[in-house]
Each structure stands twice: as structure tokens, then as C-alpha cells.
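According to our numbering, the sequence shown is numbered sequentially starting from 201. Every residue, glycine too, gets a C-beta built ideally from N, C-alpha and C. Small disclaimer: the values here were computed from a predicted structure and weren't measured.
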Amino acid sequence: MAVLYLNPDKLATAIKDLLDFANDCSHAISSIDEKCTDEYRPVDISDFRTRANNAIDRVKCRADDLAKAKDAIVAVNESGVGSMTADGGIRCEIPDGTTIDTINDLTAWSQATIDAHDLQTIIDGGLVVGSTSNGRTYDQVIEAMRERSGDPAYAAALINALGPENLTSLPLEVQEHYTASDDTGSHALRPEAGTELAELLGTLLASASTTWDKETCESMANTIKESVDDKGEWGRITVLNAMLDGHDADGNHVNDLEFNSTFLTALANNLDDLDWNTIKACADRATDPNTDRDIARYDKKDLGPYLGGQSFDPLAGVLDAMGNNPQAALDYLAKASECGDGSDMTLVEKLSKREWDEQGFAGFTAALAAASSQRPATNETTRRQANNVAGYGIHYLATNTDEGIYDDDAKARVALLLANCPAELTRAWNGDRTQVDPNTHQQLPAATAADLNALGYRVADSCDATATIAAQLAQYAHDRAQRDAASHAGDPDTQIADINKAYDRATVATGYLAGLADKKANDINSTAQNTADNHSEAAKTALSVLGTVAGAGFGAVGGPPTMVAGGAAGFEAAATLLEPVVEYDAAQVSSAAPSGMDKGLQAAAIQDAANAGLLKPEDYTITGYNDYT
């Protein structure tokens with residue numbers, strides 16, 4: 201704990217002296233300039249005047265910075281945080297880990313300290329109606345925090361001021377006050393307040409983490425873990441999951457928060473030490489209305505307060521956050537083996553067998569999908585790690601998980617995992633014997649055609665899922681057509697055959713996906729006919745997206761999705777995605793095989809042929825072109 205000391209009166213005097221000095225210098229320059237004018241300018245002083253004015257401006261800026269610093273420290277003291285000394289000075293304690301290198305850092309620390317103090321004061325006072333701190337209500341403090349939540353310096357100072365060990369308990373205190381009422385009306389019913397504060401603290405935590413070094417990341421992760429790991433604290437896991445999960449404002453099934461990857465990895469490594477089976481059993485009994493009253497009483501004591509609607513799984517939120525952080529996902533899932541190549545898939549297998557709830561499983565699939573997006577990385581170790589996570593992830597999901605736990609997020613994320621293996625999907629769904637990528641000449645580890653089929657079926661009732669897979673199949677076909685045509689330069693007939701073959705195979709693969717979607721729709725309970733009709737749209741979506749993306753690119757279906765390493769050309773390795781295709785409107789499609797699909801594919805083939813120099817400007821047909829109806 202550092203101590204900051206300031207005598208505001210003495211500093212005010214120093215600031216005044218600086219400004220007086222600057223003004224005296226300005227007057228002196230004016231006098232010199234006037235004297236030169238009177239003497240008909242015997243010398244040129246323009247350079248001197250410029251340099252002197254610049255120096256004066258710097259003095260004034262320094263005085264202004266000092267005034268801002270003084271005001272910031274005085275504001276902290278006036279809020280009730282600091283204390284006055286006998287000589288008229290102000291004494292403030294600064295928590296360890298707070299970094300103040302600039303005036304902006306100082307003002308951010310000042311405001312964060314005041315906000316943290318007011319928030320804690322209002323909460324400690326019971327959040328009674330009309331309660332304030334420094335004239336501000338709870339809602340006003342929350343709004344001030346929200347407005348600056350994107351400022352890393354402010355966020356880091358606020359997290360330090362509140363104490364990272366308190367982040368998972370404060371929302372529960374808010375929930376306790378806002379979900380209870382009495383006859384006097386001193387409490388207002390706002391059952392969502394606890395979750396809203398948790399989500400805001402998650403945003404602030406993400407922003408703050410971007411300022412931390414490795415040591416701070418590990419320290420913070422350990423402190424947060426220790427706030428939820430004892431009996432009586434397990435309910436706080438729901439707060440942590442609300443902080444980290446559920447941030448998806450654009451509805452694209454990818455977490456919006458951007459964390460420091462080192463922090464996320466450290467937090468996951470800490471949290472997977474918790475005994476999930478014991479916590480799950482306790483939570484199941486405590487929240488089951490049929491549990492014996494005496495047994496439930498002990499379980500509720502072990503569980504402690506919790507937020508409703510959130511998972512008790514310690515890994516749910518942190519894995520969901522990894523969905524937007526491929527590096528953290530790789531570092532956590534692909535543990536370095538003895539040879540350091542990231543080939544140890546023990547954790548992926550272990551997690552695939554975990555007794556997940558829906559929220560936790562969706563988080564696991566988010567991390568797998570994010571890690572798979574690094575398959576085209578230029579770094580050999582990263583590429584190998586991503587290939588291992590993709591291949592083993594697909595295999596273990598297919599063999600160790602139950603379809604009943606796949607919610608909409610999980611389906612979109614599993615589709616993203618599959619879509620990041622377009623070469624393997626194309627080969628498997630064309631009936632090829634092996635799933636060797638013709639670009640890299642490598643086979644996806646562990647995953648078989650049966651695994652790809654199984655996962656394709658499980659997600660085939662989601663339009664977001666089928667759109668994502670079909671879009672990537674189309675993009676892969678386009679990249680493959682360009683690559684093969686380029687490799688046969690000077691041989692027009694072979695180039696035309698290459699282009700046709702690429703789109704033929706994409707059509708067959710997408711047709712297979714559409715078939716899975718149709719079968720899935722038919723397998724849905726016949727008593728829920730409306731649901732079955734809705735799910736059959738997934739087949740239409742797959743076929744439509746194939747033609748649309750092939751002819752016009754990702755932008756035509758609400759994108760482009762976030763492209764990662766390997767991008768535009770796709771010659772060395774197929775491009776991958778970091779988020780699903782979610783904005784395509786299947787309702788516009790009138791049949792399972794839209795008449796426009798063949799036109800989209802033909803347009804794509806013509807464009808690729810033109811790019812290969814096979815067409816004259818006035819030529820709009822390709823000899824030997826296949827009809828895709």
C-alpha cells in the first residue's frame with residue numbers, strides 16, 4: 201500500500217508562481233519585440249520569439265497538469281477517502297497494483313476511487329430508497345462507472361479500489377437489498393440489479409486486465425478464485441459467470457469482452473482446481489424443491505447466496521470469454537507436452553466428459569471454436585496446437601457429449617468449429633476415404649467422417665449453424681478454384697475443370713448438410729409440427745448461403761465474419777472464422793433448393809474463370825460448365 205501526500209495550499213502557491221513566471225516571460229518578449237520595432241529591427245528575433253513562446257506554453261501546460269493533479273487529490277479527500285494532516289496536507293492510501301504514470305492516470309484513479317467509495321458506502325448503508333454518498337444515488341454511481349468502463353486506467357483503478365476479492369460478493373449484497381421489501385417501503389424491488397452490477401464489473405474487469413503484466417494477471421486470477429472456492433462461497437461462482445459470460449450485444453454467439461489472454465488462461469487454470477462434482481451435487485440439492493428440508497438447509501449453507509439464472513460451474517464464464525480470445529483458448533486447452541508442441545489433449549478429453557450444464561457446455565464449445573480459428577497460423581507450434589484442438593475437439597464432442605445439452609449458442613459454436621475445417625468437411629461429405637487437406641497434405645488429428653457427420657447432425661436444426669458451415673464451404677470452394685486454376689496456368693481446359701470441380705464438391709457437401717438438416721427436422725417430435733417446420737429452414741439456409749457466398753462473398757450474408765490468419769487468398773491454408781454467420785434470413789427462401797442457387801454458383805465460377813484469364817470481356821459462358829440444380 202503506497203501513501204500519497206499533498207499540501208494543496210503549497211501546491212496552489214507553486215502553480216501560481218509558475219503562471220506568474222510564464223506571464224512575466226510573455227511580457228518580456230513583448231517588450232523586446234517593441235524595442236526591436238522602435239530600433240527598426242536591427243536583428244531578426246522571430247526564431248527567438250517562437251522558441252520562447254513554445255517554452256512559455258510548456259510552463260503553462262505543466263501548471264495546468266499540476267492543477268488537475270491537485271483537483272483530483274482534493275476531490276478524493278472531499279469524498280471521504282483521504283484524511284487531513286496537522287500541517288494542512290492530504291494523505292491518501294493507494295492500493296498495491298495501482299499504476300499512476302501520467303496526469304490522466306491520476307485523474308482516472310481519483311474518479312475510480314470516488315466511485316468505488318460511493319458504491320461501497322451506499323451498499324453498506326442498505327441501499328434504502330433515496331440513500332446517497334457525496335450527493336449521488338446508487339444509479340448515478342453505476343452510470344458513472346458504466347460511462348468510463350472502456351477506460352483501462354479507470355477500470356484498473358476501480359478494480360483495485362473495490363478489491364478483486366470483493367467483486368463476486370458485491371452483486372450479491374445488491375441483490376439481497378433489492379429483492380427484499382418491508383412495510384415501510386425502504387427497499388425497492390429490483391431483482392435484476394445484482395446481475396446488472398455483475399455484468400458491469402465483468403466489463404470493467406476485462407478493460408482493467410489489458411493494463412496488467414503477467415505477474416498481476418496471475419495474482420488477480422488467484423485472488424478471484426480464492427473468493428469463490430470455500431464452502432459458503434460457492435454461490436459466488438454464479439456472480440463470476442455473470443461477470444464473464446452473457447456479453448453478446450450483437451447476438452453473434454461470441455462473447456463481446458476483450459480480456460488479457462494471460463489473465464483468462466491463469467483464471468481458468470485456477471478455477472479448474474475446484475471440485476465441480478461436489479459443487480454441482482450441492483447446488484442440485486440446494487436448488488431442488490423436492491430435496492429433504494434438513495438436507496437442503498445444510499447444502500444452502502455450503503452454497504451461500506447466489507444469482508439465479510447462472511451456472512454454478514466454475515469454468516462456464518471463463519471458457520465463454522475465451523470464445524473471443526483464441527490465444528487464451530489455445531494456451532489453456534493445448535497444454536504443452538514434453539516436447540513443447542502443444543499436443544497434449546488430455547484436458548480436452550477430460551472436459552468433454554465433464555458433467556456440464558448448458559451454460560458451461562456452451563462455454564467449452566466457445567473455447568474450442570476460438571482455438572480452431574488459429575489453424576492457418578504462420579507459427580508452426582500455434583498451427584499444430586490449433587489442429588490438435590480442432591481434430592480432438594471434434595472427436596471428443598462427437599463421442600463424449602449428449603445432444604440434449606446443445607443450446608443455441610453451443611450449436612452455433614460447434615458449427616464454427618466444423619466450419620474451420622472446410623477441407624475436411626468437403627472431403628468427408630463427398631465420400632472421400634480420408635480427410636486429408638489437399639492444401640497442407642495433413643490429416644485432421646483424431647476426427648473421422650463419422651465424427652463430422654455426428655456433429656453436423658446435432659447442429660443441423662440451427663439456421664445460424666448451417667449458414668456458418670455453408671458459407672465456409674463456399675469460401676473454401678472459391679479459394680480452391682483459384683489455387684488450382686493458378687497451378688495450371690496455360691492449360692485452359694484443365695483450369696475450367698478445376699473451377700467446376702471445386703464448386704461441384706461444395707454443392708455435394710452442402711447438399712449433404714442440407715440432408716442432415718432435413719433428417720433432423722423429420723426426427724423432431726411430430727407433435728411439435730411448427731417446430732419441425734421452423735427447423736427445416738436450416739436446410740434451405742445452407743443451400744441458399746452456399747450460392748450467395750460463392751457469388752457475392754461473405755458480405756452478402758451479413759458479414760464478413762471476423763477472418764483470422766490465412767485470410768483472403770487462402771492459397772496456403774483455408775481461411776477460418778472467429779464468429780458464426782448469424783444475420784442470414786432463411787425466411788426469404790421459398791424452397792429447399794432455391795432457383796437462384798445455381799446462378800450464384802455460376803456467377804462464382806465465371807468470376808474465377810475471368811480471374812484466371814479464361815474469358816474474353818464479352819464472353820459470359822464457360823464450355824463444360826455443369827448445371828447445379
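Practice task
Would you identify the three-state DSSP class for SER552, choosing helix, strand or coil?
Solution key: helix
Practice task
Run the CB neighbour count on ALA202, radius 10 Å, all protein chains shown included, and call it buried at 16 or more, exposed below.
Solution key: exposed
Problem - Test item: CB-CB of ASP520 and ASP445 under 8 Å - result: yes
Handout entry: Distance between GLN340 and HIS595 (C-alpha atoms, nearest Å)
Key = 50 Å
Handout entry: ALA275 versus ALA466: straight-line alpha-carbon distance, rounded
Key = 36 Å
Problem - Where ASP785 falls, given that 16 or more other Cβ within 10 Å makes a residue buried - result: A caution first: ASP785 carries a pLDDT of 45, below 50, which makes its placement in the model too unreliable to give a value.
Problem - Counted within 10 angstroms of its Cβ, other Cβ atoms place GLY755 as buried (16 or more) or exposed - result: At GLY755, the pLDDT of 47 sits below 50, so the modelled position is not reliable; the number obtained from the coordinates is stated separately. So GLY755 ends up on the exposed side.
Handout entry: Close beta carbons around PRO514, own chain, < 6 Å, minus the five adjacent residues each side
Key = ILE437, LEU471 and LEU474
Practice task
Would you list, in sequence order, the uninterrupted alpha helix (DSSP H) runs of no fewer than 4 residues that lie entirely inside the stretch 480-521?
Solution key: 493-503
Practice task
Starting from the Cα of CYS417, find the closest Cα among ASP209, ALA442 and ASN360 and give me that residue.
Solution key: ASN360
Problem - Limits of the beta strand (DSSP E) - the one that VAL203 falls within - result: 202-206
Handout entry: Rounded separation between GLU234 and HIS227 - CA only
Key = 10 Å
Practice task
Would you check if the stretch 583-593 and the stretch 545-552 touch, i.e. whether three or more CB-CB distances between them fall below 8 Å?
Solution key: yes
Practice task
Over the uninterrupted alpha helix (DSSP H) stretch that includes ARG241, give me the two end residues.
Solution key: No alpha helix (DSSP H) holds ARG241; DSSP gives it neither H nor E.
Problem - Buried versus exposed, by CB contacts within 10 Å (16 or more), ILE495 - result: exposed
Handout entry: Whole-angstrom distance between ILE303 and ASP244, CA atom to CA atom
Key = 38 Å
Problem - Per DSSP, cross-strand counterpart(s) of SER310 - result: Its beta-bridge partners do not exist; DSSP assigns none.
Exercise for the section: Find the nearest neighbour of ASP212 within the set PRO352, SER246, ASP502 and ASP265, judged by alpha-carbon distance. Expected result: Note that residue 212 is Ala in the sequence shown here, rather than Asp. Minimum Cα distance to ALA212 is reached at ASP265.
Problem - Secondary structure, alpha helix (DSSP H): runs of 4+ residues fully inside the stretch 424-469 - result: 436-444
Problem - Per-residue burial, MET284 [other beta carbons within 10 Å of its own, 16 or more giving buried] - result: exposed
Problem - Whole-number beta carbon distance between ALA214 and VAL259, since they are thought to touch under 8 Å - result: With a Cβ gap of about 12 Å, VAL259 and ALA214 do not count as contacting.
Practice task
Give me the Cα-Cα distance between SER369 and SER279, rounded to the nearest whole angstrom.
Solution key: 24 Å
Handout entry: Closest by C-alpha distance to GLU347, when choosing among TYR378, LEU400, ALA269 and GLY335
Key = LEU400
Practice task
With a threshold of 7 Å, establish whether the CB of ASN639 neighbours any heavy atom of the ligand MG.
Solution key: This structure simply doesn't include the ligand MG, nor any ligand for that matter.
Problem - Classification of SER246 by the beta-carbon crowding that lies within 10 angstroms, buried from 16 upward - result: exposed
Handout entry: Close beta carbons around LEU597, own chain, < 7 Å, minus the five adjacent residues each side
Key = SER552, VAL614 and LEU655
Problem - 8 Å CB neighbourhood of LYS414 in its chain, flanking five on each side removed - result: THR462
Problem - Inter-residue Cα distance where the pair is GLN527 and LYS425 - result: 21 Å
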